[in-house]
Amino acid sequence: MKSIFFSLIILFSLSFILSCGETDNPAIDKTETYESFESVFPLAENIPLSDYPDGWIKLTDEDVAELMEVEIPPNWFKMDIDPEARTKYTHAQLLKQFGDIPQVRYIIEFGRNPEFEISRELFVAYFEAHYHLFPTENNRRALEEARNIENQPRPEFVDEDKLIEKDPKLFIEIQRERFIKNHGDIPEVHTYLDIQLKFLLGQHVTDDERLAWLKAQFHLFPTKKNRDLLKKYQKAKEDGDE
């Protein structure tokens, strides 16, 4: 059951990241796809607060206004930034791309309330809201799976820090799937992740492997920080100061 929930959430994450460069609302051009489902999205009928779990934090107009004022860096989704900033940019991007609509509010609330057990209706609503925004075939299947699983608890979000410690190989394979979706099945993806796994496992990494890892890292994440790290290591290697 847990693997199904995680797979469904991954589908959402990938769909949003891959759409970050787009400005048009895909739901506008593909409404016939969405309307092939009978909507049970609860916020469409202004579901009362009493139907949410105790302690659930609703998004306020002030929260929305604050997110709308966030300045999102170009290509932020390719940057090496901390999880809090990534979440803030994700939520701001959703509001700027689709506007202040119930589906966007619900997805943001869902992400801000990660520890609650929720009803099956609210669980399915999450995937309906997601599919409304990103009506792709993968998301249609995710919605179907969500509807077909009985007595659904809230989908689990993987604590990657704990997963790195508990099962680094699984962590790397999850990252590999994510990287291939974002960057394509290119050599740099496998070089970066294969050597990253050696770091995580505490295995010996040669100087040439470390250089290859830094080159692959800069190719995938061409930030100033990664460029400087690569140049610094290349210079040290040339000078014999590894």
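Numbering-wise (our numbering), the sequence shown opens with residue -4 and increments by one.
In this text, a Cβ means the ideal position worked out from N, Cα and C, and glycines have one as well.
Rounded to whole angstroms, L224 and R81 show a C-alpha spacing of 22 angstroms. The three-state reading of DSSP puts K53 in coil, since its state is none of H, G, I, E or B. The shortest CA-to-CA distance from T55 to any of M74, I76, R100 and L165 is the one to R100. Shown here, G235 sits in coil according to DSSP, grouped into three states, outside any helix or strand. Straight-line measurement puts the Cα of R222 at about 6 angstroms from the Cα of F213. In the structure shown, the three-state DSSP call for P182 is helix. Apart from the 5 residues on each side of it in sequence, I67 sits with its Cβ closer than 8 angstroms to the Cβ of Y84, A87, Q88 and K91 in its chain, given in chain order. DSSP places T85 inside the alpha helix (DSSP H), whose first and last residues are P78 to F93.
Assigned with DSSP and collapsed to three states, I67 falls in coil, not helix or strand. Scanning its chain for C-beta atoms nearer than 7 angstroms, with the 5 sequence neighbours on each side dropped, one finds around N108 the residues W51 and I52, in chain order.
Our two residues, K73 and H185, have alpha carbons roughly 17 angstroms apart in a direct line. Within the same chain, and ignoring the five residues on either side of V65 in sequence, the residues whose Cβ sits closer than 8 angstroms to its Cβ are K83, Y84 and A87. L188 and D46 have their C-alpha atoms roughly 43 angstroms apart. The three-state secondary structure of Y47, taken from DSSP, is coil. In terms of Cβ geometry, F93 and L117 do not form a close pair [threshold 8 angstroms].
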